[in-house]
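Everything on this sheet refers to the single structure shown next.
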Amino acid sequence: MAILLPILQFEDKIIETIEQNSVVVVIGETGSGKSTQLSQILHRNGYTKHGMVAVTQPRRVAAVSVARRVAQELEVQLGEEVGYAIRFEDRTSERTCIKYLTDGVLLRESLSDPELNQYSVIILDEAHERSLNTDILLGLMKRLVKIRQTNLKVLITSATLDGGKVSRFFQDCPVLNVPGKLFPVEIFYSSDRPTSYVESSLKKALDIHIREPEGDVLIFMTGQDDIEKMVSKLEEKVQSLAEGSCMDAIILPLHGSLPPEMQVRVFQPPPSNCRRFIVATNIAETSLTVDGVVYVIDSGFVKQRQYNPATGMYSLDIVQISRVQADQRAGRAGRTCPGKCYRLYPSSIYREEFPEVTVPEIQRSSLAGSVLYLKSLDVPDIDILSFDFLDPPSRESLEDALRQLYLIDAIDGNGSITRVGRAMAELPLEPSLSRTLLEANENGCLSQALTVVAMLSAETSLLPSRSKGSEKKRKHDSLELPDGSGWGDHIQMLQIYEKWDRAGYDRRWCTDHDLQVRGMMFTKDVRKQLCQIMQKTAKGSLDVRTSKGRKETQQEYRNLRRSLCVGYAGQLAERMVRHNGYRTLGFKAQLAQVHPLSVLKIDEDGLLPNYVVYHELIATSRPFLRNVCVVEMSWVMPILKKLENLDINKLSSGGTSIPEATVDGEVTDLSKEAAVAKASDDHESRIQAARDRFLARKPKK
DNA sequence: GGGCTAAGA
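With the numbering used here, letter number 567 in the first sequence gets 1134, and the count goes up by one each step, no holes.
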């Protein structure tokens, strides 16, 4: 079977090229076998004698499944010669010579071993997806091949035809093209953009069902709502078709927040003489491959998250897909036989309006975490503003990251990483959360902070698993959750987890309370991992036990909130004087509402708290603060003070002149409430005036 | 009164 893969005909050529070059780009379409065969080719040709071959994947499932297949082909036990490493799971041994891993895991490894000396070859697979981590790795590899000129080979594989760009990035390294095994896909365009792509997809789907021979239909939509609409409409229409006039149909939704048992339904073969309609988000573009698809309906849209560094706000926008994405979608129809792709837009739009490639994630995200990571690598010459990215993020975005890091003491006024920053980088968390943990450790509430931070890492656990129709009834049936005691969502998360802990981590308890079992289990895993890392780096032993029946006190909540305020120093908001909207501090001011799902409540005067920190500012239908925590004004003052004195030019100089000792002094200083005394009178009086106005307001009703 | 595209440590 493996012998038939196209890539194997090029074995000699591949080896020859690798021998003569440190970096090689391999372009291989789906079905070329590059993910499974490249590592084996290198293994056969002696490249695992002095080190392992690493193959990175953007996704966990891919790392596991490809490793499993290679182990089978080599007839070895998985975890022996062939293994994998993903978060929470390391299945490798001393004998492992081919190791599949997620790009995130490789990044973590390079923290402790920046030269990645255990590897003789590093293959960055699926680089065309341009995940944030892959982009960072690309930059690091460029540096590494110079340092390890004699004993490291780097292969970059991509499915798209544009290897030229990556090649230029690596000093015009050679590009090898390996043909794929896709069947031809016939493309049909609409003459116009439809007014409603749900209606238009529906019509097209029925058309196919009535006129076209058997084969499953994959329909790309932008989100869960549209998918649910589409599924119910399609079900209705299909049922109304005269019996016997066409084959049976099964309609399956497919999106990320679907419980796993629903997701796997798309992998079960359908009964004979039955056509399946899979209504999916872009999860079916790359993450999940559905067999049996012959027809694809492509709306030409995708929901995309983008970050605005000027306001610190994310937005979730429906945008046009790129030509690469459109071709990827079409390709889903040609995996098992020739297929057809119906594009609900004219070809002129495809050619003239669609961008050629998707904007890489690194240009759409907050970079605080990545910048901290790069600063923490023990590489003297990393100047973040001139770091060699394949597609550099904007200066504005990098400066935003530096400001964020400075506000939480991860870097000092000259842009050098602090001791706190180094400790933060060890933790697999966003900087705001790692800072919170370290601060909580000082404030004697580490255990509680671990819980909150883990809950935030698995945000989905709090979302009720929506089941249509009986929603109101379910709300009645489900048991009441704690309410955060008036302190907001973080405290509620702590209370929820503690209750679950007391219930013995019972799955049933989750479903009874309308919580996602998967998310809660993930929370537990994350918490355990964070405990281990904290224990390892701490000097003495830490108290990380959950409260086990003992009720948390207000004082503990307060310590925790104060720790959160330090970690979220860059995500602070002040309530408006005349209404319950908030204004963000520290950015170009942005007005936002507390998210309707928040447990934050108004007081007897109908007012929300004066100051909150928020986990995320996101614009959906409007700007919302998601997951907020009440903080005290005296904690806010030192942050405002710090903001006032912030000098971005000094931060971005990347300086190395400040000794660690002064840095430590600065950090402890700010974490003490004593710092309040130094806060400027200006702010004091301004805020006092604002408070007075609040109090003078007439209560609601 | 409103909402979760996808993925990762």
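Where is the CB? At the ideal position from N, CA and C, for every residue including glycine.
Would you decide whether residue i is buried or exposed? Buried here means 16 or more other CB atoms lie within 10 Å of its CB.
i: Pro827; result: exposed
i: Arg735; result: exposed
i: Ala1156; result: exposed
i: Ala877; result: exposed
i: Glu781; result: exposed
i: Val628; result: exposed
i: Thr701; result: buried
i: Leu1237; result: Residue placement at Leu1237 is flagged as unreliable, the pLDDT there being 33, under the threshold of 50; a coordinate-derived value is accordingly withheld.
i: Leu1164; result: exposed
i: Ile585; result: buried
i: Met1200; result: buried
i: Glu648; result: buried
i: Gln1083; result: buried
i: Thr669; result: buried
i: Lys1042; result: In this prediction, Lys1042 scores a pLDDT of 48, lower than 50, which makes its location untrustworthy; no coordinate-derived value is stated.
i: Glu928; result: buried
i: Thr1078; result: exposed
i: Arg1189; result: exposed
i: Ser866; result: buried
i: Thr603; result: buried
i: Val938; result: buried
i: Leu1046; result: exposed
i: Gly1173; result: exposed
i: Ile653; result: buried
i: Asp692; result: buried
i: Ile885; result: exposed
Residue i to residue j, Cα distance in whole Å?
i: Leu1184; j: Ile1169; result: 20 Å
i: Asn612; j: Val620; result: 12 Å
i: Ile581; j: Gly731; result: 18 Å
i: Leu707; j: Lys748; result: 32 Å
i: Pro1176; j: Thr1151; result: 14 Å
i: Leu952; j: Leu972; result: 14 Å
i: Arg1074; j: Asn1194; result: 24 Å
i: Tyr940; j: Ser999; result: 13 Å
i: Tyr1178; j: Val733; result: 47 Å
i: Arg675; j: Cys841; result: 47 Å
i: Ile984; j: Asp1214; result: 16 Å
i: Gly650; j: Arg635; result: 8 Å
i: Ala990; j: Arg1128; result: 21 Å
i: Glu966; j: Gln930; result: 13 Å
i: Val846; j: Glu1026; result: 25 Å
i: Thr1187; j: Val1197; result: 23 Å
i: Ile775; j: Val798; result: 16 Å
i: Leu957; j: Gln716; result: 20 Å
i: Thr1090; j: Glu753; result: 45 Å
i: Glu537; j: Tyr764; result: Nothing about residue 537 can be reported from this structure: the residues present for the chain run from 568 to 1268 only.
i: Leu572; j: Ala816; result: 34 Å
i: Phe655; j: Asp1092; result: 7 Å
i: Ser915; j: Gly898; result: 20 Å
i: Ser677; j: Ser943; result: 11 Å
i: Leu743; j: Gln587; result: 13 Å
Would you list the one or two residues that DSSP bridges to residue i?
i: Asp657; result: Ala652
i: Cys908; result: Ile754, Val863
i: Pro827; result: BP columns for Pro827 are empty, so no partner.
i: Val544; result: Only positions 568 to 1268 of the chain appear in the structure, and residue 544 is not among them; the question remains open.
i: Ser725; result: Ile594
i: Ala621; result: Lys666, Ile689
i: Leu641; result: Beta-bridge pairing links Leu641 to no other residue.
i: Val742; result: Val592
i: Gly841; result: Inspection of the sequence shows that residue 841 is occupied by Cys rather than by Gly. Asp815, per the DSSP bridge assignment.
i: Gln1160; result: Phe1191
i: Thr1151; result: Ala1140
i: Asp783; result: Val860
Report back the beta-carbon spacing between residue i and residue j to the nearest angstrom; my notes put them in contact at under 8 Å.
i: Phe921; j: Asn849; result: Contact doesn't hold; Cβ gap of about 15 Å is too wide.
i: Phe844; j: Leu801; result: 6 Å
i: Val591; j: Cys813; result: So it is not a contact: roughly 50 Å between Cβ atoms.
i: Ser961; j: Val924; result: Rounded, the Cβ-Cβ distance is 17 Å, inconsistent with contact.
i: Phe755; j: Tyr909; result: 5 Å
i: Glu1123; j: Cys1012; result: 6 Å
* Contact between the segment 621–630 and the segment 681–689 (3+ Cβ pairs under 8 Å) -> The segment 621–630, when compared against the segment 681–689, does touch it at the 8 Å Cβ threshold.
* Hey, is the segment 657–666 in contact with the segment 707–718, meaning 3+ C-beta pairs nearer than 8 Å? -> No, because fewer than three Cβ pairs between the segment 657–666 and the segment 707–718 fall closer than 8 Å, the two stretches do not touch.
* Does the segment 579–596 come close enough to the segment 718–728 that 3 or more CB-CB pairs lie under 8 Å? -> At 8 Å Cβ cutoff, the stretches touch.
* Asked: Are the segment 1060–1071 and the segment 1014–1024 touching, with three or more C-beta to C-beta distances below 8 Å?
  -> With the cut-off at 8 Å, the segment 1060–1071 and the segment 1014–1024 touch.
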